[in-house]
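A.B. asks:
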Amino acid sequence: MKTLASLLLAIVFLTMSSIAADGPVRHIVHFKFKSTATPEQIKHITDEFAALKTKISQVESLEWGTNSSPEGLSKDFKYVWIVSFKDAKDRDAYLVHPAHKAFVDILKPILDDVMVVDFVPEK
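According to mature numbering (1 follows the signal peptide of the UniProt record, and there is no 0), the residues represented by the sequence shown are -20 to -1, 1 to 103, in order.
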């Protein structure tokens, strides 16, 4: 019985996974910069990240801003980016794109921490 239940759960998760892979993907990136990062360096990072929209065709939309939540649960992640893709295949192409890799190289020296979450929006 446990084997059957495990098998059924595996089928459900695989089905959900394959459905999710076919939908649009939201790539949420949170940055925490080093305390030594200057406003000019942060602006440069912002400009370079925004430029990825014009450099990588798979990027459908790109939004960003700073945390404004009154809840105090941000764990000091102040800068947030949302990058939207048609599907997981486009997101995967973005991750290995030379322009994205070059951006990461520019970012690393002033980055203290990063958190990335991807999801397929449900309707």
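For glycine and all other residues, C-beta sits at the position ideal for the given N, C-alpha and C. Remember, it's a predicted structure, so these values are computed and weren't measured experimentally.
#1: Excluding five sequence neighbours on each side, which residues of the same chain lie with their C-beta closer than 6 Å to the C-beta of Gly3?
#2: For Val5, which option in Asp93, Lys23, Ala73 has the closest C-alpha, if you only look at C-alpha atoms?
#3: Taking its Cβ as the centre, do 16 or more other Cβ atoms sit within 10 Å of Asp70, making it buried, or is it exposed?
#4: Assuming Met95 and His7 are in contact, meaning their beta carbons sit under 8 Å apart, how far apart are those beta carbons, in whole angstroms?
#5: Please report the Cβ distance between residue 143 and Ile90, rounded to the nearest whole angstrom; I am assuming they are in contact, meaning their Cβ atoms lie under 8 Å.
#6: For a test of the three-state rule: what should DSSP assign to His77, helix, strand or coil?
#7: Check for me: the beta strand (DSSP E) holding Lys23 runs from which residue to which?
#8: Taking the alpha carbon of Asp92 as the reference point, which residue from Pro50, Lys66, Lys55, Glu28 has its own alpha carbon closest?
#9: With contact counted as at least three CB pairs below 8 Å, one residue from each stretch, are the region 22 to 36 and the region 45 to 53 in contact?
C.D. replies: Reading it off the structure:
#1: Val100
#2: Ala73
#3: With 16 or more other CB atoms across the displayed protein chains lying within 10 angstroms of its CB, Asp70 is buried.
#4: Contact flag wrong, Cβ pair sits at about 12 Å.
#5: Look at the range of the chain in this structure, -20 to 103, and you will see that residue 143 is not part of it.
#6: Assigned with DSSP and collapsed to three states, His77 falls in coil, not helix or strand.
#7: According to the DSSP assignment, Lys23 belongs to no beta strand (DSSP E) but to the alpha helix (DSSP H) extending over 19 to 35.
#8: Lys55
#9: no
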